[in-house]
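Working notes, structure below.
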Amino acid sequence: MIPLFKVAMSEKASALVGEVLDSGYIGQGTKVDELEHALAKRLDNPRVLTVSSATAGLHLALHLIATEHGRDGEVLATPLTCTATNWPILANGMKIRWVDTDPETLNIDLDDLARKITPTTRAIVLVHWGGYPVDLDRLTHILDEAERLHGNRPQVIEDCADAFGATYKNAPLGNHGNIAVYSFQAVKHLTTGDGGLLVLPNDHLLERARLLRWYGIDRNSGPNPYQNDITEYGFKANMNDINAAIGLANLDIIDTNLAKHRENAAYYDSELANTPDLELTERAPDRNPSFMYYTLKVKNRTAFTQHLKSNGIATSEVHKRNDHYTTTHPYSTHLPNLDTLTHQHISIPVGWWLTPTDLTHISRTIKKGW
């Protein structure tokens, strides 16, 4: 079976992890510092902070917003994502207001978003589906208008879990004035085994997050940080040197792998265009997606997936809509675009591991029809 996801691990990872194990110290230390420095340079943004997972990063990001802007309002969010995107909203005691899905991108529908911003909107959590960036300039215009109308500018968190390496107008995600959260989970473009990264828009939030990811203790306050006062309680959300060592090793292979994902996506864009009963998603010239997965919209999805499975090709919806779970029932609303897309969207393998033979087999299998 040609897999949809696969772990990308550098040959150097074992040796670097071995160094950490042999050092006698495996907590947050020099390897974490090295990884943060490398990622800051790569993202062209010094305000980065590693965390134990993207979920922890999202929880911390929402906590930063809630404690400064209040937990009493709403958070606008997309239901078409991993539950890790939305559960931190509930964990922070905030209310979800669902926003519909853009059928051209599977990202958040910015028209619906604009309609749903009110004076009680505290935050917006958006997802770059499969690594395809949201139109961030248009989002800024929407926020400007909301501030003019309501005197309130909601804070934005970008869930970049699938979007490491993606750019919007030639800038890496995390450089557009919002909080951004990356994932380094096992099968992501860049894996640390598990882990994540917070990218903060200002030094104030960076310093708060730095304290709160480790109980509220200032680890840089001198030889005895445990003796100091804690002015704000925090969490246990830091990365350790074992995970950081894996990440440092995998930075050596990330560009080659990203290039392969993009090359494979371009092949599909060409080969699958005009295929009956199939639609491709949007490609805008000002965005360079990372293509964590390659999403199609198809008619008779069940037949499509069975056809590919019988030909040894894995497929997946990747994520189920979050608004249909019992725990989110109180926030249910009508989302017409997503109601249609729910029965259409499917993702096929696009990763670095695909051979030319695999790509030909996948495209020919699809073009034969189902």
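Per the working numbering, the sequence shown runs over residues 828 to 1197.
Cβ coordinates follow ideal geometry from the N, Cα and C atoms, glycine included.
Treat the numbers as computed from the prediction; the structure is a model and nothing was measured.
Rounded separation between residue i and residue j - CA only
{"i": "T928", "j": "A904", "result": "10 angstroms"}
{"i": "M828", "j": "I1140", "result": "5 angstroms"}
{"i": "R1128", "j": "T877", "result": "39 angstroms"}
{"i": "E838", "j": "N1149", "result": "37 angstroms"}
{"i": "T1132", "j": "G978", "result": "48 angstroms"}
{"i": "H890", "j": "H1134", "result": "45 angstroms"}
{"i": "H864", "j": "P873", "result": "8 angstroms"}
{"i": "A893", "j": "N919", "result": "7 angstroms"}
{"i": "K996", "j": "Q1054", "result": "47 angstroms"}
{"i": "A842", "j": "E861", "result": "16 angstroms"}
{"i": "F1011", "j": "S1097", "result": "30 angstroms"}
{"i": "H968", "j": "D962", "result": "10 angstroms"}
{"i": "L976", "j": "R869", "result": "38 angstroms"}
{"i": "N1164", "j": "R1089", "result": "27 angstroms"}
{"i": "D1166", "j": "V926", "result": "12 angstroms"}
{"i": "T1122", "j": "T1108", "result": "7 angstroms"}
{"i": "I1057", "j": "Y1042", "result": "8 angstroms"}
{"i": "T882", "j": "Y1009", "result": "9 angstroms"}
{"i": "K1087", "j": "P1050", "result": "47 angstroms"}
{"i": "T1184", "j": "N1091", "result": "12 angstroms"}
{"i": "I944", "j": "E972", "result": "10 angstroms"}
{"i": "A1093", "j": "A1130", "result": "25 angstroms"}
{"i": "P1112", "j": "P960", "result": "11 angstroms"}
Contacts around residue i, its chain only, beta-carbon distance under 7 angstroms, and the 5 residues preceding and following it disregarded
{"i": "N1084", "result": "A835, H1016 and W1179"}
{"i": "A1007", "result": "E985, C987, L1000, G1001 and V1026"}
{"i": "G958", "result": "D989, A990, A993, P1116, S1117, F1118 and M1119"}
{"i": "T1102", "result": "I1193 and K1194"}
{"i": "V847", "result": "I853, K858, D1068, I1069 and A1072"}
{"i": "T1155", "result": "I923 and N1149"}
{"i": "L866", "result": "V875 and L1024"}
{"i": "G856", "result": "D1068"}
Beta-bridge partners of residue i, as assigned by DSSP
{"i": "V983", "result": "I951"}
{"i": "W1041", "result": "K1063"}
{"i": "R1148", "result": "L907"}
{"i": "E901", "result": "K922 and T948"}
{"i": "V1125", "result": "L1105"}
{"i": "N1115", "result": "T994"}
{"i": "A1007", "result": "E985 and V1026"}
{"i": "S1174", "result": "T1122 and S1143"}
{"i": "T928", "result": "I935"}
{"i": "P960", "result": "DSSP, once it has assigned bridges, lists no residue as partnering P960."}
{"i": "I829", "result": "I1140"}
{"i": "P999", "result": "T994"}
Beta carbon proximity, residue i to chain C, threshold 9 angstroms
{"i": "G1023", "result": "Considering every chain present, this structure includes no chain C. It has just one protein chain."}
Residues near residue i in its chain [Cβ-Cβ closer than 6 angstroms; skip 5 each side]
{"i": "R980", "result": "L970 and E974"}
{"i": "N1138", "result": "T1192"}
{"i": "S880", "result": "D1021 and G1023"}
{"i": "I1081", "result": "L1017"}
{"i": "I951", "result": "L903, P981 and V983"}
{"i": "T1019", "result": "F1011, N1070, I1073 and G1074"}
Endpoints, the alpha helix (DSSP H) within which residue i is located
{"i": "R1089", "result": "I1081 to L1099"}
{"i": "S1190", "result": "P1183 to K1194"}
{"i": "T882", "result": "A881 to H896"}
{"i": "H868", "result": "In the sequence on display, residue 868 carries Lys and not His. T857 to L870 is the span of the alpha helix (DSSP H), which, as asked, contains K868."}
{"i": "A840", "result": "A840 to S850"}
{"i": "T1167", "result": "P1163 to L1168"}
{"i": "D1056", "result": "Note, D1056: premise wrong, no alpha helix (DSSP H); not H, not E."}
{"i": "G1020", "result": "Element bounds for G1020: n/a, residue is neither H nor E."}
{"i": "I1069", "result": "D1068 to N1077"}
Extent of the continuous beta strand (DSSP E) run through residue i
{"i": "E1106", "result": "L1105 to L1107"}
{"i": "G1023", "result": "G1023 to V1026"}
{"i": "T877", "result": "V875 to V878"}
Cutoff 8 angstroms; reference residue i; Cβ partners in own chain excluding five residues on either side
{"i": "L1038", "result": "I1044, D1045, E1059 and G1061"}
{"i": "P1028", "result": "R874, G1004, N1005 and I1006"}
{"i": "L1168", "result": "L907, T928, P930, L933 and K1124"}
{"i": "R965", "result": "L937"}
{"i": "E1144", "result": "H1172, I1173 and S1174"}
{"i": "L887", "result": "V878, L1025, A1036, L1039, R1040, F1062 and A1064"}
{"i": "T897", "result": "This sequence places Gly at residue 897; Thr is not what is there. Cβ neighbours of G897 beyond the five flanking positions: R949."}
{"i": "A1013", "result": "V834, G1020 and D1021"}
* Asked: Between the stretch 1072-1091 and the stretch 842-857, are three or more C-beta pairs nearer than 8 angstroms?
  -> yes
* **Cβ contact check for the stretch 906-914 and the stretch 936-944: 3 or more pairs under 8 angstroms** => no
* Take every Cβ of the stretch 1098-1106, pair it with every Cβ of the stretch 1187-1195, and state whether three or more of those distances are shorter than 8 angstroms. => yes
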